[in-house]
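First comes the structure, then the notes that go with it.
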Amino acid sequence: MAKKQKLIDRLVEMGACQTEKEAAARIMAGEVYINGQKAKNGAMVKEEQEVTLKGVLPYASKGGFKMAGALEDFGIDVKDLVCIDAGACTGGFTDCLVQRGAETVYAVDVGFGQLMGKLRQDPHVVNLEKTNISDEKLLTLDPRPSLGTVDVSYLSLRKAIPYFSRVLHGEGELCCLVKPLFEIDDAEARRTGVIADEQYAPLLFDLINDVNAMPGTWVKAVTHSHVTGNAGTREFFLHVLLGRECPPVAEEAVYAAVERAKELELYKK
Numbered sequence: 047m048a049k050k051q052k053l054i055d056r057l058v059e060m061g062a063c064q065t066e067k068e069a070a071a072r073i074m075a076g077e078v079y080i081n082g083q084k085a086k087n088g089a090m091v092k093e094e095q096e097v098t099l100k101g102v103l104p105y106a107s108k109g110g111f112k113m114a115g116a117l118e119d120f121g122i123d124v125k126d127l128v129c130i131d132a133g134a135c136t137g138g139f140t141d142c143l144v145q146r147g148a149e150t151v152y153a154v155d156v157g158f159g160q161l162m163g164k165l166r167q168d169p170h171v172v173n174l175e176k177t178n179i180s181d182e183k184l185l186t187l188d189p190r191p192s193l194g195t196v197d198v199s200y201l202s203l204r205k206a207i208p209y210f211s212r213v214l215h216g217e218g219e220l221c222c223l224v225k226p227l228f229e230i231d232d233a234e235a236r237r238t239g240v241i242a243d244e245q246y247a248p249l250l251f252d253l254i255n256d257v258n259a260m261p262g263t264w265v266k267a268v269t270h271s272h273v274t275g276n277a278g279t280r281e282f283f284l285h286v287l288l289g290r291e292c293p294p295v296a297e298e299a300v301y302a303a304v305e306r307a308k309e310l311e312l313y314k315k
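Under the numbering used here, the letters of the sequence shown match residues 47 to 315, in that order.
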């Protein structure tokens with residue numbers, strides 16, 4: 047079990063506050079965040095969780111918190127890797143990868159002018175805007191990426207993962223954000239944006255089975271997103287291997303991820 051410490055102690059330890067009294071006051075004022083969510087008085091924090099103060103975010107967007115949590119849970123070390131981040135938008139995932147030592151990150155997005163300025167200027171980032179993951183030019187990237195991070199809207203991972211496999215030439219790994227509203231076979235849920243808690247586990251089992259049925263593709267692990275979606279939707283991550291077989295994900299791991307997701311405080315803008 048991950049070691050926890052008092053949030054007050056972490057704030058003093060990291061130099062954000064000079065005294066415990068100051069730390070307590072800033073928490074009470076709503077100025078302290080854990081993984082992008084406002085901290086409560088008396089909160090405990092795990093070693094891997096990001097603690098920030100209001101107005102000082104460590105990533106280009108809250109997506110950075112999501113990616114940091116997934117990398118920690120999956121034990122993925124991105125140092126010196128060449129990565130591709132599709133659905134980059136403002137660059138939360140990209141920023142997290144760069145800060146963790148990625149050699150190169152191809153930031154891919156169909157939009158234009160969304161990537162944060164500091165990332166546009168970062169020598170480790172290649173900005174590929176106005177580009178879809180299905181674009182043929184991604185098949186000849188040099189150097190070739192070995193890790194893909196996936197955050198695609200309005201597209202199921204069932205369709206997105208084969209595109210990533212082509213870009214990585216069938217070798218490497220993916221860290222895929224699961225957005226249940228784009229995966230669920232329930233028209234009412236998609237219309238209302240509301241998914242019942244009991245629907246998450248069956249949704250994940252179906253998705254994992256479908257991904258495992260793809261040629262040369264295996265789901266190694268599943269975890270919860272450490273931050274909910276903007277509307278409070280619970281989200282998840284799949285660690286997918288390309289070209290390397292691995293044991294199947296245990297049912298218990300899926301249920302555990304769902305339970306952890308249900309315990310999260312809903313994200314509020």
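All residues carry an ideal CB built from backbone N, CA and C; glycine is no exception.
The structure displayed is predicted, hence computed values, not measured ones.
Going by Cα to Cα distance, which pick from the options is closest to residue i?
i	options	result
residue 96	109, 233, 211	109
residue 266	297, 309, 178, 107	297
residue 187	214, 231, 237	214
residue 81	74, 99, 123, 152	99
residue 226	197, 83, 181	197
residue 242	201, 304, 192	304
residue 249	272, 204, 237, 190	204
residue 311	275, 162, 88	275
residue 159	134, 234, 179	134
residue 143	116, 156, 157	116
Identify the continuous beta strand (DSSP E) that holds residue i and give its terminal residues.
i	result
residue 219	218 to 224
residue 50	50 to 52
residue 282	282 to 288
residue 80	78 to 80
residue 304	Element bounds for residue 304: not the beta strand (DSSP E) but the alpha helix (DSSP H), 297 to 308.
residue 117	That residue, residue 117, is in no beta strand (DSSP E); its alpha helix (DSSP H) goes 109 to 120.
So what does DSSP say about residue i, is it helix, strand or coil?
i	result
residue 125	coil
residue 187	coil
residue 266	strand
residue 194	strand
residue 205	helix
Which residues mark the beginning and the end of the alpha helix (DSSP H) in which residue i is found?
i	result
residue 201	No alpha helix (DSSP H) contains residue 201, which DSSP labels as neither H nor E.
residue 246	246 to 258
Quick one: does the C-beta of residue i sit closer than 7 Å to a heavy atom of the ligand COA?
i	result
residue 234	No copy of the ligand COA appears in this structure; indeed no ligand is present at all.
Practice task
Mind the definition here: the stretch 283 to 302 touches the stretch 208 to 222 only if three or more C-beta pairs lie below 8 Å; say whether that holds.
Solution key: yes
Exercise for the section: Could you name each continuous alpha helix (DSSP H) segment of 4 residues or more that falls completely within the stretch 141 to 173, going from the start of the chain to the end? Expected result: 163 to 166
Exercise for the section: State whether the stretch 290 to 305 contacts the stretch 247 to 264, with contact taken as three or more CB pairs (one from each stretch) at a distance under 8 Å. Expected result: Flag = yes, the stretch 290 to 305 and the stretch 247 to 264 touch.
Practice task
Inspect the CB distances between the stretch 118 to 135 and the stretch 143 to 152 and report whether three or more fall short of 8 Å.
Solution key: yes
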